[in-house]
Amino acid sequence: MQKTMPLRTMSLAAVLAAGLALAGCGGAASSSAGGSAAGSATSAATNGTATGGTAASAASSTSAAAATGTSTSVPFPVAVGNTWNYKITTGGESGTTTNKMTTVTSVAAGQQVTMLTTDHVGSVNGSATETYLFHADGSIGYPLGSFSPGSGVTVTSNGVVWPPASVIASGQPSQSTLNIAIKAAGQNLSTTAHVTVQGDGTATVTVPAGTYQATVVLVTERLEIVGITASIQIKTWLAPGVGPVKELVNTSEGTATSVVADEELLSFTKG
């Protein structure tokens, strides 16, 4: 007889899936029960990600801001055809994930950007699209709905907002909440995720694509379900005129902390 996974374990898997999707590590790939996923540094958080899962940062170029029609800098250059290729390591497997901006549309609130994410990690080969809304003040909204296919995680209300570059540079934390519905072990569960976006200064980082002086942004998601308290932290390095060049995802349950995903930029091509 095949054994079924306990509800607490399934719930934790769903919680981690929610966090990984927020990091941009679940856009095209399905999360396993252990929380393994593949994704992109620009998919946020926040989807988006920023994955990564994506943000507003002083590290972005003035030309990028002009391209989006915003008055302040944005986390990565915005133009149709811009493409980021990353090496990703997650769940003991390595592969690649590619992000490509497919549309940039002017809307009343600012600029709406569609990103196509394609993953090739282990046996996972898939693609998904994510939508970002760049506001005129430099903040970015992630209209999250469904997370990675098969995760059973859905945002029922609210969303994540990355603050403008000036707030990121100040180190002042910005708070968001997500009301989340989770289907696990045949049961319907719900919880509220508390998300904090905060600048963490600047640092030199070396990845396969080169060495960059980057702005560091931390996104921390905390939530509790069926007695399980989990925390997911996404650390992203954003380089001027390039965007996310590295992303590290950590998860914590109680006193145990583990690295879930590591992404590094292989190449960036302008559209």
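Mapping to the numbering used here: the sequence shown position 186 is 272, numbers consecutive. Just so it is clear, CB atoms sit at the ideal spot from N, CA and C, and this is done for glycine as well.
If you run the structure through DSSP and keep just helix, strand and coil, what is residue i?
| i | result |
| --- | --- |
| Gln-256 | According to the sequence as given, residue 256 is Ser; it is not Gln. The answer is helix: DSSP assigns Ser-256 an H, G or I state. |
| Ala-316 | strand |
| Ala-295 | coil |
| Ala-251 | helix |
| Lys-173 | strand |
| Gly-208 | coil |
Please identify the residue among the options whose C-alpha is closest to the C-alpha of residue i.
| i | options | result |
| --- | --- | --- |
| Gly-224 | Gly-238, Trp-323 and Pro-161 | Pro-161 |
| Trp-170 | Ile-311, Ile-320 and Thr-182 | Thr-182 |
| Ala-295 | Ile-318, Ser-353 and Thr-175 | Ser-353 |
| Gln-198 | Ala-222, Thr-217, Asp-205 and Val-207 | Thr-217 |
| Leu-202 | Ala-195, Thr-188, Gly-196 and Ser-209 | Thr-188 |
| Ala-251 | Lys-356, Gly-238, Leu-324 and Ile-174 | Leu-324 |
| Val-331 | Val-207, Gln-261, Thr-337 and Asn-185 | Asn-185 |
| Val-322 | Pro-259, Val-335 and Leu-264 | According to the sequence as given, residue 322 is Thr; it is not Val. Checking every option, the nearest Cα to that of Thr-322 belongs to Val-335. |
Exposed or buried, which one is residue i when buried takes at least 16 other CB atoms within 10 Å?
| i | result |
| --- | --- |
| Val-193 | exposed |
| Gly-272 | exposed |
| Asn-211 | exposed |
| Ala-214 | buried |
| Thr-315 | exposed |
| Val-345 | exposed |
| Asn-168 | buried |
Between residue i and residue j, what straight-line distance do the alpha-carbon atoms span, to the nearest angstrom?
| i | j | result |
| --- | --- | --- |
| Ser-276 | Gly-245 | 15 Å |
| Glu-350 | Ala-279 | 27 Å |
| Gly-327 | Thr-355 | 11 Å |
| Gly-329 | Ser-262 | 22 Å |
| Ser-406 | Asn-265 | Outside the displayed span of the chain (87 to 357) sits residue 406, for which this structure offers no information. |
Cβ contact check for the stretch 268-288 and the stretch 300-309: 3 or more pairs under 8 Å: yes
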